[in-house]
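Enquirer: This is the structure, below, for whatever I ask next.
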Amino acid sequence: MLEGKNVNLRVMEKEDLPLLAEWFNRPEVSGEYTPLRQMSKTEAEKMLESPNERKPFIIEKKDGNKIGFITHFCVLHIAGRQLEIGYSLVPNERGKGYCSEAVKIMVDYLFLSKDTGRIQAQTDPRNIASQKVLEKVGFKKEGTLRRNFFMRGEWRDAYIYSILREEWKEPKILTRTA
Ligand SMILES: CC(C)(COP(=O)(O)OP(=O)(O)OC[C@H]1O[C@@H](n2cnc3c(N)ncnc32)[C@H](O)[C@@H]1OP(=O)(O)O)[C@@H](O)C(=O)NCCC(=O)NCCS
């Protein structure tokens with residue numbers, strides 16, 4: 105468990121998979137700026153078991169209420185390995201600062217536990233909420249990946265953001281793990 109002030113991040117377990125599949129399959133949870141997709145419980149299980157797939161964490165409020173997820177995964181490159189993150193919150197818990205806190209915890213965790221120089225994230229240029237989250241945590245916009253996602257019937261650009269280890273410097277929120 106990675107503990108923050110208002111939310112905790114908990115490694116996803118098998119018993120969380122039906123909820124994860126339900127979230128993936130409800131378009132209002134994915135929002136209009138992430139790919140429309142459907143996931144079976146078997147596919148969700150595969151994701152949990154494969155080390156090269158996404159590593160998902162449940163975002164929980166302090167009362168244990170599950171409000172979303174945040175994942176990290178490797179982007180392979182011939183000259184190295186980069187870490188990328190992605191996240192989603194259920195609609196009625198947005199706009200309360202929970203996602204910014206979850207990203208802050210994840211950045212602390214990744215820089216403390218992985219030998220990586222940067223963490224990156226991609227977002228649709230129209231996804232202002234996601235860009236605000238990244239900027240609040242200290243990510244910097246590097247540029248536009250043109251026609252990078254096929255989403256909802258069209259090719260869309262993506263903004264790419266990153267935070268470097270030297271910009272992070274030290275843990276901001278992750279003071280305790282349980
Ligand atoms: C992106 C997302 C995770 C943000 O979660 P959140 O908990 O609302 O984020 P926070 O409350 O920490 O911060 C959001 C900020 O964006 C602002 N915001 C939200 N919607 C906005 C909009 N349409 N225009 C301008 N600002 C907006 C909020 O006011 C807040 O800013 P503030 O802290 O200065 O007040 C959430 O909107 C979501 O789950 N969206 C669907 C999935 C998704 O798009 N995931 C990201 C893919 S890259």
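Under this note's numbering, the first residue of the sequence shown carries the number 105, and numbering increases by one thereafter.
The beta-carbon is built from N, C-alpha and C at its ideal position, and this holds for glycine as well.
Assess, as a yes-or-no matter, whether the segment 118-134 is touched by the segment 167-174 under the definition of 3 or more beta carbon pairs within less than 8 Å.
Expert: yes
Enquirer: Span of the alpha helix (DSSP H) holding Ala125?
Expert: 121-129
Enquirer: Sort Ser217, Glu149, Cys178, Asn169 by Cα distance to Arg269 and report the nearest one.
Expert: When each option's Cα is compared against that of Arg269, the closest is Ser217.
Enquirer: Tell me, which residues are paired with Val179 by DSSP?
Expert: Gln186
Enquirer: Determine the DSSP secondary structure at Met116, reduced to helix, strand or coil.
Expert: coil
Enquirer: What number of angstroms, rounded off, separates the C-alpha of Leu121 from the C-alpha of Lys150?
Expert: If I take the Cα positions, the gap works out to 10 Å.
Enquirer: Judging by CA-CA distance, which residue of Cys178, Ala183, Gln186, Asp212 is the nearest neighbour of Glu107?
Expert: Restricting attention to Cys178, Ala183, Gln186, Asp212, the CA atom closest to the CA of Glu107 is found in Asp212.
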